[in-house]
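**Q** Going by this note's numbering, the first residue of the sequence shown is number 11, and it counts up by one from there. Here a beta-carbon is modelled for each residue, glycine too, at the ideal position from N, C-alpha and C. One structure coming up, written as structure tokens, with questions to follow.
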Amino acid sequence: MENENKPKNNQEPQKIEVVVEISKEPDFKQFYAIGAIGVNNLYDFRISFYNDEPDLVRGNGMRKIQRKIGSEIILSPVAALELSRWLDQNVKDYERKFGPIFKNQKQEADDEHPKSKILEGYA
């Protein structure tokens, strides 16, 4: 059986150059996110990026924080894997240039007590 993918007459396959042009949609928006939350299932990964807006301390010592989702990205499993690899490589590059990224001391202390309701930067 002859290989169907082999060019006829022993010709080399033609190489096609692909140029990717990047542009922004007219309604493109950009915002600074302090965190992300998300879920995944068999079909996709959903990542929501958020910012927190703290209110003033109330009389009872409680503080209300408004967590506002700025955008949600829905990725295929393959795109999520590509994003994971891209982030991993870029964090390594960043740390090589600027040094290790550290959580602040308060956040590290909270990691030891995961039930703590104190949020970084608001205590």
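1. Looking at the secondary structure, which residues open and close the alpha helix (DSSP H) in which Arg106 lies?
2. When the distance is taken between beta carbons, is Gly80 closer than 8 Å to Phe55?
3. Spatial neighbours of Glu63 within its chain, please: CB distance less than 6 Å, with the 5 preceding and 5 following residues excluded, ordered by chain position.
4. Cα separation between Asn50 and Leu93?
5. Check Asn70 in the structure and name its three-state DSSP category.
6. Taking the alpha-carbon positions, what's the Arg106 to Ala43 distance?
7. Tell me the rounded alpha-carbon separation between Glu27 and Phe112.
8. Nearest by alpha-carbon distance to Ile84: which of Met72, Arg73, Tyr104 and Ala46 is it?
9. Within its chain, find whatever has a CB closer than 8 Å to the CB of Arg68; leave out the 5 residues flanking it on each side and keep chain order.
**A** Let me lay it out:
1. Your numbering for residue 106 matches position 96 in the sequence shown. Annotation: the continuous alpha helix (DSSP H) that includes Arg106 extends over Pro87 to Phe108.
2. In the sequence shown, counting from the first residue as 1, residue 55 sits at position 45. In the sequence shown, counting from the first residue as 1, residue 80 sits at position 70. Going by C-beta atoms, Phe55 is not nearer than 8 Å to Gly80.
3. Taking the sequence shown and counting its residues from 1, the one referred to as residue 63 is at position 53. Cβ neighbours of Glu63 beyond the five flanking positions: Gln76.
4. Residue numbering aside, residue 50 sits at position 40 when the sequence shown is read from its first letter. Residue numbering aside, residue 93 sits at position 83 when the sequence shown is read from its first letter. Asn50 and Leu93: Cα-Cα distance of roughly 14 Å.
5. What you label residue 70 is simply residue 60 of the sequence shown in a count that begins at 1. Asn70 sits in coil when the DSSP states are folded into three classes, being neither helix nor strand.
6. What you label residue 106 is simply residue 96 of the sequence shown in a count that begins at 1. What you label residue 43 is simply residue 33 of the sequence shown in a count that begins at 1. Spanning the two alpha carbons is a distance of roughly 23 Å.
7. Looking up residue 27 in the sequence shown gives position 17. Looking up residue 112 in the sequence shown gives position 102. Cα to Cα, Glu27 sits roughly 43 Å from Phe112.
8. Counted from its first residue, the sequence shown places residue 84 at position 74. Ranking the options by Cα distance to Ile84, first place goes to Ala46.
9. To locate residue 68, count along the sequence shown from 1; it is residue 58. Hits under 8 Å: Lys74.
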